[in-house]
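Taking it in order: structure first as structure tokens, then the write-up.
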Amino acid sequence: MSLFWRIFLLNAAVLVAATLLLLGPVTVSTPVLLTEAVVLTAGLAAMLVANAVLLRVGLAPLHRLTRAMTTIDLLQPEPRPVPAGQADIADLIRTFNAMVDRLETERATSAAAALSAQEAERRRIAQELHDEVGQTLTAVLLELKQVARQAPDPVRAQLAQVQETTRDSLDEIRRIARRLRPGVLEELGLISALKALVTEVTGHTELTVRQHLGADLPALDDEAELVVYRVAQEALTNTVRHARATTVEVWLAGRPDHVLLRIRDDGRGIGDAAEGAGIRGMRERALLIGAQLAVTPAPAGGAEVRLRVPATVREGRP
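Right, dumping it as structure tokens:
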């Protein structure tokens, strides 16, 4: 029975009972006697209490639905409101759940397309940096070396400085290309890629890095390995840039049904700051492969990023 009919029938029952009583043994004098006032007041109070109880019980699912609607985050899936209450309220909750499911599906589809296009663009830019800019700078270095052989001593010293600057620029371009397209991930696998990433990101800092990278990992497909790599890359970059940490721990371990990545630092922590684009990007990537991402304060201070990736089987493997 819908909430409308429940309230209507309750009020109708009270009014019918009051009418029958007034037509029968109960009378109202003018002026009203004390006993009559007590009976009328008790009847009114009973009707108000009954209505209040019914509305409180009937509208409770709506209050829960309102809280869910104001706190829902498509990047942090939570249990859906349970369809409860009367028929129309339960239908409303089911409709809301269906709408959220549809929005999550549409968001996941669009995010997958966007991230796929982003990775393709990164590969293209990295390839152009390596093939075009890198080869051009290499040719410039060779020309400078040849010119320096024929130049007088004062000019030769200046050319040597130019060579060193050009060589540093070439190394920087190669480093950027590696960050854009982790070729080592495709060629040597996830463990080697994470080791190279840690060395690259923290190599020019005084940050102490403790690595615990398990070798016996369950199989992950290429997309899942890329998500693990990108999450680690973003977490380490945030640590170097913002955390003011002295130590960071990179931990990767395998379980029969999942792979767990944990990156913990001893920096200033996340505090009450709102999530930035980097963390939300990590959440989007995690959702695409059904992984669970948590960014929480570390037990001893600092911040901790935990990524739990369900194990998959590569195509072509048994």
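For the sequence shown, my numbering assigns the number -6 to the initial residue and increments by one for each residue that follows.
Each residue gets a CB set at the ideal place from its N, CA and C atoms; glycine is no exception.
Checklist entry - I think Leu183 touches Glu218, with their Cβ atoms under 8 Å apart; what is that distance to the nearest whole Å? => result 5 Å
Checklist entry - With a Cβ-Cβ cutoff of 8 Å, do Ala293 and Gly260 count as a contact? => result For Ala293 and Gly260, no; Cβs fall outside 8 Å.
Next on the checklist: Quick check on this structure: which residue in Tyr222, Val50 and Ile65 has the alpha carbon closest to the alpha carbon of Met92?
Outcome noted: Ile65
Checklist entry - Hey, would you say Trp244 sits closer than 8 Å to His205, going by beta carbons? => result Against a cut-off of 8 Å, the Cβ pair of His205 and Trp244 comes out as a contact.
Checklist entry - Can you tell which of Ala238, Val221 and Arg60 has the C-alpha that lies nearest to the C-alpha of Glu277? => result Val221
Next on the checklist: Just to confirm my understanding: we take Leu281, look at its own chain, exclude 5 residues before and 5 after, and list those with CB closer than 8 Å. What are they?
Outcome noted: Ala101, Ala104, Ala105, Leu108, Glu216 and Val220
Checklist entry - Whose C-beta lies closer than 8 Å to the C-beta of Thr201 among residues of the same chain, with five residues either side of it excluded? => result Thr239, Thr240 and Val241
Item to check | Boundaries (first-last residue) of the beta strand (DSSP E) holding Arg255 | outcome: Per DSSP, the continuous beta strand (DSSP E) segment holding Arg255 begins and ends at His251 to Asp258.
Item to check | Ile82 versus Trp(-2): straight-line alpha-carbon distance, rounded | outcome: 13 Å
Next on the checklist: Cutting at 6 Å between CB atoms, please list the residues of its own chain near Ile272, excluding the five before and the five after it.
Outcome noted: Val288
Item to check | Buried or exposed (CB count within 10 angstroms, at least 16 for buried), Ala279 | outcome: Classification for Ala279: buried.
Item to check | Anticipated Cβ contact below 8 Å, Leu178 with Leu229, distance rounded | outcome: Contact flag wrong, Cβ pair sits at about 15 Å.
Checklist entry - What's the C-alpha gap between Val42 and Ala11? => result 16 Å
Checklist entry - Does DSSP classify Pro303 as helix, strand or coil? => result strand
Next on the checklist: For Thr129 and Glu99, I'd like the C-alpha separation in whole angstroms.
Outcome noted: Whole-angstrom Cα-Cα distance: 44 Å.
Next on the checklist: What does the alpha-carbon distance come out to for the pair Arg171 and Ala61?
Outcome noted: 43 Å
Item to check | Where Arg223 sits in the DSSP three-state scheme | outcome: helix
Checklist entry - Assuming Ala119 contacts Leu173 under a Cβ cut-off of 8 Å, what Cβ separation, rounded to an integer in Å, is found between them? => result 4 Å
Checklist entry - Just to confirm, are Thr158 and Val133 a CB contact at a threshold of 8 Å? => result no
Item to check | Through-space distance from Gly176 to Val302, alpha-carbon basis | outcome: 22 Å
Checklist entry - Taking C-alpha atoms, which residue in Asp161, Asn4, Asp94 and Ala39 lies nearest to Pro72? => result Asp94
Checklist entry - Which parts of the stretch 167 to 245 are runs of the alpha helix (DSSP H), unbroken and 4 residues or longer, counting only runs that do not cross its ends? => result 176 to 181, 183 to 195 and 215 to 231
Checklist entry - Taking just the CA atoms, how far does Asp84 sit from Thr192? => result 55 Å
Checklist entry - Would the beta-carbon of Gln156 fall within 8 Å of that of Leu187? => result no
Item to check | Secondary structure of Gly262, DSSP reduced to three states | outcome: coil
Checklist entry - So Leu135 is in the alpha helix (DSSP H); what residue range does that whole segment cover? => result Counting along the chain, the alpha helix (DSSP H) containing Leu135 begins and ends at Gly127 to Gln143.
Checklist entry - Out of curiosity, what's the CA-to-CA distance linking Arg142 and Gly247? => result 56 Å
Next on the checklist: Let me confirm a value: Leu181 is counted as buried when at least 16 other C-beta atoms fall within 10 Å, else exposed. Which label applies?
Outcome noted: exposed
Checklist entry - Which stretch, first to last residue, makes up the beta strand (DSSP E) that contains Ala287? => result Gln285 to Pro290
Next on the checklist: For Gly207, tell me which candidate among His251, Gln226, Ile169 and Val224 has the shortest Cα-Cα distance.
Outcome noted: His251
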